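Enquirer:
In UniProt numbering, the protein residues as written are 1 to 305.
(1) Between residue 138 and the rest of its own chain, which residues show a CB-CB distance below 8 Å, the 5 nearest in sequence each way excluded?
(2) Would you report the Cα separation of residue 237 and residue 37, rounded to the nearest angstrom?
(3) Alpha helix (DSSP H) containing residue 155: first to last residue?
(4) Pick helix, strand or coil for residue 172, following the three-state DSSP scheme.
(5) With distances taken between CB atoms, is the gap from residue 250 to residue 211 smaller than 8 Å?
(6) On the premise that residue 146 lies in contact with residue 93, defined as a C-beta separation below 8 Å, what is that separation, rounded to the nearest angstrom?
(7) Give the single residue among 74, 28 and 34 whose Cα lies nearest to the Cα of residue 203.
(8) Apply the 10 Å Cβ neighbour rule to residue 157 and answer buried if 16 or more other Cβ atoms are within range, or exposed otherwise.
(9) Would you mind sorting residue 183 into buried or exposed? The rule is 16 or more other CB atoms within 10 Å of its CB.
(10) Please return the same chain residues whose Cβ sits closer than 7 Å to the Cβ of residue 84, not counting the five positions on each side in sequence.
(11) Tell me the rounded alpha-carbon separation between residue 113 and residue 121.
(12) Any idea if residue 89 is buried or exposed, counting beta-carbon neighbours within 10 angstroms, 16 or more meaning buried?
(13) Relative to the C-alpha of residue 71, which residue among 208, 285, 299 and 254 is closest?
(14) Measure from the alpha carbon of residue 187 to the alpha carbon of each residue in 301, 64, 263 and 273, then state which is nearest.
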């Protein structure tokens, strides 16, 4: 796989380097995205290759190696902009949230070689069957939030053709389609499907996810793009709820490096390392735990419009 480095073009900075967030800026010591030319210095710039995740999921890591820290996760059908390949690892950024890191190169295919996704997995997980029959063999399992290209419905109307297999219509929704339950109520209802899923640092699927991964994945299903980390979500999502106003189902509550979705005015749905799973518990209990280290445990309360 060849990545084109812009070696001979000349670029100059148009003033001091801009402040940037390293989580979402594809810049390292030796190489940067061509879009940063003129804004940030790098010895080389690269034109990103459009890739797509072909594995059910792939962890995004801080460095190229399976033992390095996981920072996010790329799901099937999501796009990745490839800037460099070193051994078995590809460096670049996720198209949906610009998050920068390394993924296994074998989890990617060139976007031109894979069909454009048309549907999202809206269930906690979905099975891809060999035939349009629940008794047939299973080809693979895809997690909630994964994207796939679906074609015609089967004769029975219960399955959609996808690649060489079939997915049940109850497990998918068309990308951009309006949900039967929309808005804040839908956000909480979708999050409740993942109660009991294990806590996994960097995870974004029903097989394991962290607090902000839960929020990002759920909001994607309701058609609301969200950044990856809780501090980014606090800055960009929703409107502040006035002090003293009662929380509602679907509201977001932010702590230091943590976020959850309200199930009702008193209960919080969140992926957390205390219970090591997605759990529903009294908001007061969560506030008490964070109060042990923070004088102001709740940083923000946000309502999605």
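In this text, a Cβ means the ideal position worked out from N, Cα and C, and glycines have one as well.
The structure presented is a predicted model; accordingly, all values stated were derived computationally and were not measured.
Expert: On the basis of the data shown:
(1) Non-local beta-carbon contacts of residue 138 in its own chain, meaning distances under 8 Å to residues more than five positions away in sequence, involve 127, 128, 129 and 130 in chain order.
(2) Going by the C-alpha atoms only, they are around 30 Å apart.
(3) Looking at the DSSP string, residue 155 is not in any alpha helix (DSSP H), and its letter there is neither H nor E.
(4) Three-state result, residue 172: strand.
(5) Taking the C-beta atoms as reference points, residue 211 is found no nearer than 8 Å to residue 250.
(6) For residue 93 against residue 146, the beta-carbon gap comes to about 19 Å, at or over 8 Å, which does not count as contact.
(7) Comparing Cα-Cα distances from residue 203 to each of 74, 28 and 34, the minimum goes to 74.
(8) Looking at its Cβ environment, which holds fewer than 16 other Cβ atoms inside 10 Å, residue 157 is exposed.
(9) In this prediction, residue 183 scores a pLDDT of 47, lower than 50, which makes its location untrustworthy; the coordinate-derived value is nonetheless stated afterwards. Residue 183 is exposed by the Cβ-count criterion.
(10) Once the five neighbours on either side are set aside, the close Cβ partners of residue 84 are 3, 31, 46 and 91.
(11) Taking the straight line joining both Cα atoms gives about 21 Å.
(12) Its Cβ being crowded by 16 or more others within 10 Å, residue 89 is buried.
(13) Scanning 208, 285, 299 and 254 for the CA closest to the CA of residue 71 turns up 208.
(14) Nearest C-alpha to residue 187: 263.
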